[in-house]
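The opening residue of the sequence shown carries number 10 in this note's numbering; numbering runs sequentially from there.
Structure, as structure tokens:
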Amino acid sequence: MATDPPADPRDRVIEYAAEVLRQHVPDGDGWCLGCSELWDRLVFIDQCQQARWATAVHVAYAMPIRQAPQGDGSTDVTGEDRGGEGL
Ligand SMILES: [Zn+2]
């Protein structure tokens, strides 16, 4: 059932965040099901720290960030590989 976590810490965080987002979802009344199951606590989904964290991680890491916010023409993006492989 359990798989090995990704080796890359960045991928691991994204994976954890995705799992949290799967668990911490609102029920019909807006209570967080994840918090209810984990801690028997009623927490509004708006105030669920886990969901907030996971959403922030998702926004910070999982969204495509290569597109330049400005420029109306098609511009070539150079240096798209930002991996730290160079010595
Ligand atoms: Zn929650």
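Cβ coordinates follow ideal geometry from the N, Cα and C atoms, glycine included.
Candidates the options, of which the one nearest residue i by Cα
i, options, result
"Q32", "V68, C44, D13, W62", "C44"
"V52", "A65, E28, V34", "V34"
"D55", "A69, G39, A65, H67", "G39"
Distance, residue j Cα to residue i Cα
i, j, result
"G95", "L42", "Note that G95 scores 47 on pLDDT, short of 50, meaning its location in the model is unreliable; the coordinates nonetheless yield the value given after this. Each residue's Cα considered, the two are about 45 Å apart."
"E46", "D36", "12 Å"
"A69", "I23", "10 Å"
"P14", "H67", "17 Å"
"R21", "A65", "15 Å"
Per DSSP, the bridge partner or partners of residue i
i, result
"P35", "C41"
Nearest-angstrom beta carbon gap, residue j and residue i [assumed within contact, 8 Å]
i, j, result
"Q58", "V29", "About 10 Å; that fails the 8 Å criterion."
"A63", "A16", "The Cβ separation is near 21 Å, so there is no contact."
beta-carbon residue i near ligand 1 non-hydrogen atom, thresh 6 Å
i, result
"G37", "no"
"H67", "no"
"A26", "no"
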